Amino acid sequence: MKFRNPSLIRRLVSSHAGRIAMVAIPTGVVSAMLMGGVAQGAVPVSFAISGTQFKIASSQLEGTGFSQYSGVAKDAEGGKHAVVTANIKDATLENLCQSAVQETPLGKVGILIKAGGKGTPASAKNLQIGMTGLKGDAEFKNIRIGVDASDVNTKEKGSKGDFSQDADTISIKDLKQDSWSTTASVFTLKDMSLKLTDGSEQCD
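One point on numbering: in our numbering, the residue at position 143 of the sequence shown is 151, and numbering is uninterrupted.
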């Protein structure tokens, strides 16, 4: 399955009672290095985020054209959330898992999405993530730490004067991530499955 317009898939599943929605999002990546303050004006996405974070896991992420800087994501109520913004020009993700849980009038309802197994990874182009945490074993090639966020090697850039880092390539094993938002120009999910849950099944 291939998505060429992320705005068309923001609501994969909905219920009239709970108005539950989940973006079919690609996994993102951020190194486990220092990201101190929040960049003023550095907004990772152009849409209002929901009030629910989602979890992402992948056994192996490979990417080219990587940058990272701090930013702010805004929700529909005008609330601001500190995030780390990560950009990857091209990414592949093996054994991708994505999950979200939300309280509704029906109780807890979750969405679980899996893709990229059977030797054919999921892939994304022009990936941008607004996230709050990441775990995994990471390797960077030709990394620059402390570069000005307005001068990173990716098309998307941060605010002038802000701390950032970039690299030619990035590799993360056993990726686990918490995010507020993700966008991509093209997102391809091989062997995708999606199901509603009672909230007990999440990406580990």
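For every residue, glycine included, the Cβ atom is placed at its ideal position computed from N, Cα and C.
As the structure is a prediction and not an experimental result, all values here were calculated from the model.
Quiz item: According to the Cβ coordinates, are valine 92 and glutamine 76 closer than 8 Å?
Solution: yes
Quiz item: Are the beta-carbon atoms of glycine 118 and glycine 59 separated by less than 8 Å?
Solution: no
Practice problem: List the residues that DSSP assigns as beta-bridge partners of threonine 191. | Solution: Gln136
Quiz item: In terms of alpha-carbon separation, which member of Lys184, Glu209 and Ser189 lies closest to leucine 142?
Solution: Lys184
Quiz item: From aspartate 199 to serine 67, what distance separates their C-alpha atoms?
Solution: 16 Å
Practice problem: Spatial neighbours of methionine 43 within its chain, please: CB distance less than 6 Å, with the 5 preceding and 5 following residues excluded, ordered by chain position. | Solution: The predicted position of methionine 43 is uncertain, since its pLDDT is 30 and thus under 50; a value taken from the coordinates is nonetheless stated next. Cβ neighbours of methionine 43 beyond the five flanking positions: Ser78 and Val92.
Quiz item: So is histidine 24 buried or exposed if we call it buried at 16+ other beta carbons inside 10 Å?
Solution: For histidine 24, the pLDDT reaches just 37, beneath the cut-off of 50, and the residue's location in the model is therefore unreliable, although a value from the coordinates is still provided. Histidine 24 is exposed by the Cβ-count criterion.
Exercise. Could you tell me whether the stretch 162-178 touches the stretch 104-115, using the rule of 3 or more Cβ pairs below 8 Å?
Key: no
Practice problem: For the beta strand (DSSP E) holding alanine 157, just list the boundary residues, first then last. | Solution: Premise fails: alanine 157 is in no beta strand (DSSP E) and is neither H nor E.
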